[in-house]
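Add 421 to a position in the sequence shown, counting from 1, and you land on the number used in my numbering.
Cβ coordinates follow ideal geometry from the N, Cα and C atoms, glycine included.
Comments concern the structure below.
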Amino acid sequence: LSVNHPLSGDCAWLSPLDPAPATAEVWHSSWSLVPTWGAPLAWWAMTPGTTPIGGSDFHHHGEDGLPGSPTTWVQVDGDHDVLTAVRAGRTAVSMTVT
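Next comes the structure, spelled out in structure tokens:
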């Protein structure tokens with residue numbers, strides 16, 4: 422389970438979370454329009470134990486961020502168990518694939 426849009430204007434997550442979510446979207450494609458906005462990263466920094474991911478919210482071609490922008494990178498061991506690696510917090514998020 423991931424909490425997406427923990428901070429995002431009119432679609433922010435508003436329910437109290439106790440304990441903190443295991444995974445949360447800390448970078449979203451629409452936030453690249455204001456790259457100095459650090460609120461989602463600050464929220465994540467104050468939420469120990471939450472694994473960061475990014476999301477593009479691609480719903481309709483030409484209307485949303487393209488898939489992979491941002492990209493969530495996951496460091497996996499030889500067994501390629503992505504979900505185990507996410508649960509262990511072995512993720513990084515980049516704004517684009519490049």
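Outcome for residue i when other beta-carbon atoms lying within 10 angstroms are tallied against a minimum of 16
{"i": "Ser-450", "result": "buried"}
{"i": "Gly-476", "result": "buried"}
{"i": "Ala-445", "result": "buried"}
{"i": "Val-507", "result": "buried"}
{"i": "Thr-505", "result": "exposed"}
{"i": "Thr-457", "result": "exposed"}
Beta-carbon gap between residue i and residue j smaller than 8 angstroms
{"i": "Pro-491", "j": "Met-516", "result": "yes"}
{"i": "Thr-472", "j": "Gly-499", "result": "no"}
Element boundaries [beta strand (DSSP E), containing residue i]
{"i": "Trp-465", "result": "First-last for Trp-465: 460 to 466, but that is the alpha helix (DSSP H), not the beta strand (DSSP E)."}
{"i": "Val-447", "result": "444 to 449"}
Paired residues, beta bridge with residue i - DSSP
{"i": "Ala-513", "result": "Trp-494"}
{"i": "Gly-475", "result": "Trp-448"}
{"i": "Ser-423", "result": "Thr-444"}
Option nearest residue i by Cα separation, candidates the options
{"i": "Asp-439", "options": "Thr-493, Val-424, Trp-494 and Asp-502", "result": "Val-424"}
{"i": "Asp-452", "options": "Trp-494, Val-495, Asp-498 and Asp-478", "result": "According to the sequence as given, residue 452 is Trp; it is not Asp. Of the candidates Trp-494, Val-495, Asp-498 and Asp-478, the one whose C-alpha sits nearest the C-alpha of Trp-452 is Asp-478."}
{"i": "Pro-427", "options": "Leu-454, Val-503 and Gly-459", "result": "Gly-459"}
Interface flag, residue i vs chain B, CB-CB below 8 angstroms
{"i": "Pro-440", "result": "No chain B is present in this structure, which holds just one protein chain."}
Span of the alpha helix (DSSP H), counted from its first residue to its last, around residue i
{"i": "Val-507", "result": "503 to 508"}
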